[in-house]
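Residue numbers (the working numbering), protein chains in the order written: chain A, 1 to 391; chain B, 392 to 655.
Each remark here refers to the structure printed beneath this line.
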Amino acid sequence: MDGVTLDYRLYHDRAVTLRETMLNLFNRKSSTEHFRALDNVTVHIDQGETVGLVGANGAGKSTMLKILAGIYRPTSGTASSVGMIASLLDLGVGFHPDLTGEENLMLNGALLGLGRSDMKVLVPGIAEFAQLTRFMDTPVKYYSNGMFMRLGFSLATAVDPDILLIDEVLAVGDAQFQDKCYRRIWEFRERGKTIIFVSHDMEAVSRLCRRVIWLSEGRVVKDGQPEEVLSGYLESSQRRLSDPTASPREWGSREVWFDTVTIRNVRHAPSRTFRRGERLVVDVLIRSRLPNPVDGVIFGFSLHRSDGESIIATNNLELNQPLLRIDGSSRASIEIDLDIEEPGAYLLGIALTDPTANKDYHWQEYFYPVTLLEERKEPPLRLSGAVWKQE
Amino acid sequence: MASWSSGRLLLLMESLVSKDLKVRYKRSVLGFAWFLLKPLFSMIVYYFAFTRILRFGGAIPHFSLFLLTGLLPWNFFSSSLSASTGSLLDNHRLIRSIYFPRMALPAAEVVANLIHLLLALLVLESVLIIFGHYPGLSIVLAVPALVLFTLMTAGIGMLLSVGNVFYRDVKQFVEVLLLAWFYSSPIIYPLDSIGVDIVGSGGLLTALKFNPVAGFMEIMHSVFYAGTWPPAWCWISLCSWSLLLLLAGVAAFRKAEPVVVKEL
């Protein structure tokens, strides 16, 4: 995609009738407003890349997929692609409720460029993958929503595309089928297919994609390694969280305060994404305005879920660690080791208090978004032993 | 972007048409027979209205067969237009999630109706023979006439289908338009093709000949019912209107397509 811009006409009331148009014509005023869904976006995706698209609702992710799929023509700029595209933007769209599963498969193969003879060969496999072999002669209107989606997914991925566009459709069926879907997508990835994946499931994006593009208001904010882009995205999205309890809060007398705060990994690189087993380090520079040095300062930290639920809150006093003594300025750090049971986005908070003077110097709650992910290890498996026996 | 070979396009058309045919007669007892029964019933109604009440059909021998030669193609025309008007709107989910040449949607409606028409015309021809209306050599002209008329229908269908996306009024308007169009076309009455003079030969006749459908209907009447060679004006009218409306339809569709996809 090169400098792609796409405008929508924006209606404030969808009921447009001829009468209104006539009136507008006579009044010589245009009632249409334009909404720029994508603004001068240039992206080049190589063959075999797995790219995740993230961004808030309305950021232009789906529009970008639709342009890549050829559904929308850019208002300006050019978009081109090489190879056959399969788009999983909406599942089972061509299906007619009155036709049976098999009839629908036969007829909708044509949309993907498959003729009757090709489909005859593929239908049993598609039905089996969807776990619907027994229901192939049932009209799809009697299918449950999950069955319908399963059939749609199986059909869409039965062809062997060069490029796979996926828009948040994997939330179909039960956990077992979702697993199957992911496995099929992984298979595509292993076979060197190009995959472009839109999802709000950061965990899925970080697992599947080797590159992430973050879109906001129709523009590319960041484009690069998943860890880097995702943590930036999560940080900004948490800042905009509407829930007042989870938005960053800062208070205290600030007689002693956090001057600079760096969250880093053990390799001394600033980071907001940590995998299981990775140590999180908070480096702080603390300054004091008080004339005398203060002793016995408590340095605490907390971790909340992104919705504000408190998970961990502790400090050096509670864990029998040395308390701080601040004289003018001082550097301190906390090294945090976490057992990540549930990967996801969390909010880190830190605090400086003095219980003897009964003072809260500086609190920063819900302040630093961090992403905690499952571990990735190379190699992912290690042989710990194997025994051959013969009776 | 995604390039569509003609083979793939043909495959798509075939699948859209067979889907249409399959769906239409699901859970219907008489099924396919309805395409014959519908014009047959309207033929009976018109027959009684015109021969018993208005006393006008008497001048035309086998008036019921004459009616059928006009009603069958008209039925094709009006069903195609009604169906293609809504074709884009009805398939909005499909259009918004997969790329394919969307022109195939209104076109498939026309082709599905054409298949019905061809079968019905076969039945009509056998009935005509039974009643002694043997086809002349001119019957071969039915083929080019039908081709041209189908192209014209597709052109109008494309215009209406994109129009309906912008203004839902189009669907309502089409109903009224078809009613007026029906009575101003030589379907239940002849102009000058079969040697029966009902309209007369004044300004009215000339005006009626400008109707895009008039030429074709007169050709149908003369080759099927009368077995005569249709007058030249019919061909001039049919050819020019077909070309004009097809080009207008395709051009409008092409122009509106990128906007339509976003409007749906």
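All residues carry an ideal CB built from backbone N, CA and C; glycine is no exception.
Model, not experiment: these values are computed from the prediction.
| field | Residues that GLU424 (chain A) contacts on chain B, provided the C-beta gap is smaller than 8 Å | value | This structure leaves residue 424 (chain A) out entirely; chain A is present only between 1 and 391.
| Can you name the residues of chain D whose CB is closer than 7 Å to the CB of SER409 (chain B)? | Checking the listed chains, one finds no chain D in this structure; the protein chains it contains are A and B.
| What is the rounded straight-line gap between the Cα of TRP214 (chain A) and the Cα of ARG645 (chain B)? | Here the alpha carbons of ARG645 (chain B) and TRP214 (chain A) stand approximately 34 Å from one another.
| request: Could you please give me the residues that DSSP links to TYR346 (chain A) through a beta bridge? | output: DSSP, once it has assigned bridges, lists A:ARG305, A:VAL370 as partnering TYR346 (chain A).
| Using 7 Å as the limit for Cβ to Cβ distance, is ALA59 (chain A) near chain B? | At least 7 Å separates the CB of ALA59 (chain A) from every CB of chain B.
| message | Report the start-end ranges of each alpha helix (DSSP H) in the stretch 139 to 185 of chain A that is 4 residues or longer and not cut off at the edges. | response | Within the stretch 139 to 185 of chain A, the runs of alpha helix (DSSP H) at least 4 residues long that lie entirely inside it are, in chain order, 145 to 158.
| query | Between the C-alpha atoms of GLU654 (chain B) and GLU648 (chain B), what's the straight-line distance to the nearest angstrom? | reply | Taking the CA atoms as reference points, GLU654 (chain B) sits about 10 Å from GLU648 (chain B).
| said: Assuming contact is defined by CB atoms lying nearer than 7 Å, are VAL256 (chain A) and TYR366 (chain A) in contact in what I supplied? | reply: For the pair VAL256 (chain A) and TYR366 (chain A), the CB atoms are not nearer than the 7 Å cut-off.
| task | Inspect the CB distances between the stretch 523 to 541 of chain B and the stretch 610 to 628 of chain B and report whether three or more fall short of 8 Å. | result | With the rule of 3 Cβ pairs closer than 8 Å, the stretch 523 to 541 of chain B counts as touching the stretch 610 to 628 of chain B.
| Along chain B, which residues have their Cβ under 7 Å away from the Cβ of SER87 (chain A)? | Going along chain B in sequence order, the residues near SER87 (chain A) (Cβ under 7 Å) are SER488, ILE489.
| Under 8 Å by beta carbon: chain B residues contacting ILE71 (chain A) | Here the neighbours are ILE486, ARG487, SER488, ILE489, TYR490, VAL652.
| query | Would the stretch 497 to 505 of chain B and the stretch 548 to 560 of chain B be scored as touching if the rule is three or more Cβ pairs under 8 Å? | reply | Verdict: yes, contact present.
| query | For the 8 Å Cβ check, are there 3 or more pairs between the stretch 83 to 93 of chain A and the stretch 156 to 169 of chain A? | reply | Touching, yes.
| message | Suppose the cutoff is 6 Å on Cβ atoms and the five residues either side in sequence are ignored; what does the same chain contact list for ARG443 (chain B) look like? | response | So no residue of the chain qualifies.
| request: Can you have a look at ALA642 (chain B) and say buried or exposed, based on whether 16 or more other CB atoms are within 10 angstroms of its CB? | output: That one is exposed.
| said: As a quick exercise: from A:MET136, A:ILE350, A:THR75, pick the residue whose alpha carbon is nearest that of ASN104 (chain A). | reply: Comparing Cα positions, the closest option is A:MET136.
| message | Please tell me whether VAL414 (chain B) has its Cβ less than 7 Å away from any Cβ of chain A. | response | By this cut-off, VAL414 (chain B) is an interface position.
| Among the residues of its own chain, which have a CB less than 6 Å from the CB of GLN47 (chain A), if the five just before and after it don't count? | Counting only residues of its own chain and dropping the five nearest sequence neighbours on each side, GLN47 (chain A) has a CB closer than 6 Å to the CB of THR194.
| With a CB to CB cut of under 7 Å and the five nearest residues on each side skipped, what residues in its chain are close to ALA332 (chain A)? | Setting aside the 5 residues that flank it on each side, ALA332 (chain A) is surrounded in the same chain by VAL284, ILE286, PHE299, LEU324, each with a C-beta closer than 7 Å to its C-beta; the list follows chain order.
| query | From the beta carbon of ALA647 (chain B), is the nearest beta carbon of chain A less than 7 Å away? | reply | For ALA647 (chain B), the answer is no, since every Cβ of chain A falls outside 7 Å of its Cβ.
| request: Please name the residue, chosen from A:ILE326, A:SER302, A:GLU374, that lies closest to LYS364 (chain A) on a Cα-to-Cα basis. | output: Reading the sequence as shown, one finds Gln at residue 364 (chain A) and not Lys. Per the Cα distances, A:SER302.
| field | Unbroken stretches of the alpha helix (DSSP H), 4 residues or longer, contained in the stretch 51 to 94 of chain A | value | Complete alpha helix (DSSP H) runs here, min 4: 61 to 68.
| query | Between GLU374 (chain A) and the rest of its own chain, which residues show a CB-CB distance below 6 Å, the 5 nearest in sequence each way excluded? | reply | Correct list, in chain order: ARG276, PRO343.
| query | Can you tell me whether DSSP reads SER253 (chain A) as helix, strand or coil? | reply | In the three-state scheme derived from DSSP, where H, G and I count as helix and E and B as strand, SER253 (chain A) is classed as coil.
| Per DSSP, cross-strand counterpart(s) of ILE196 (chain A) | Answer is A:VAL51, A:LEU165.
| message | By the three-class DSSP mapping on this structure, what secondary structure does SER271 (chain A) have? | response | Residue state, collapsed to three classes: coil.
| query | So what's SER30 (chain A) in DSSP terms, helix, strand or just coil? | reply | Low confidence applies to SER30 (chain A): its pLDDT is 48, below 50, so where it sits in the model is not reliable, and the reading given next is rough at best. Coil at SER30 (chain A), not helix or strand.
| task | Taking the CB atoms as reference points, tell me whether VAL198 (chain A) and LEU53 (chain A) lie closer together than 7 Å. | result | Yes, these two residues count as a Cβ contact at 7 Å.
| message | Taking 8 Å as the cut-off, does the stretch 107 to 118 of chain A touch the stretch 57 to 64 of chain A (at least 3 CB pairs, one atom from each stretch)? | response | The stretch 57 to 64 of chain A is not in contact with the stretch 107 to 118 of chain A.
| query | For TRP251 (chain A), is the classification buried or exposed, using 16 other Cβ atoms within 10 angstroms of its Cβ as the cut-off for buried? | reply | Here TRP251 (chain A) is exposed, its C-beta having fewer than 16 other C-beta atoms within 10 Å.
| query | What is the DSSP secondary structure of PHE468 (chain B), counted as helix, strand or coil? | reply | In this structure, PHE468 (chain B) counts as helix in the three-state DSSP scheme.
| request: Just the chain A side, please: which residues come within less than 7 Å of SER406 (chain B) by C-beta, in chain order? | output: The answer, in chain order, is LEU107, ALA110.
| task | Under the assumption that LYS394 (chain A) contacts SER253 (chain A) (Cβ atoms under 8 Å), give the Cβ distance between them as a whole number of angstroms. | result | The structure shown does not extend to residue 394 (chain A), since chain A is modelled only from 1 to 391, so the question has no answer here.
| Assuming PHE454 (chain B) and PHE441 (chain B) make a contact with CB atoms under 8 Å, what is their CB distance in whole Å? | Contact between PHE454 (chain B) and PHE441 (chain B) holds: CB atoms are separated by about 7 Å, below the 8 Å threshold.
| Across which residues does DSSP place LYS222 (chain A) in a beta bridge pair? | LYS222 (chain A) is bridged to A:TRP214.
| request: Quick one: which residues of the stretch 415 to 444 of chain B get their C-beta closer than 8 Å to a C-beta of chain A? List them in chain order. | output: The residues in question are LYS417, ARG418.
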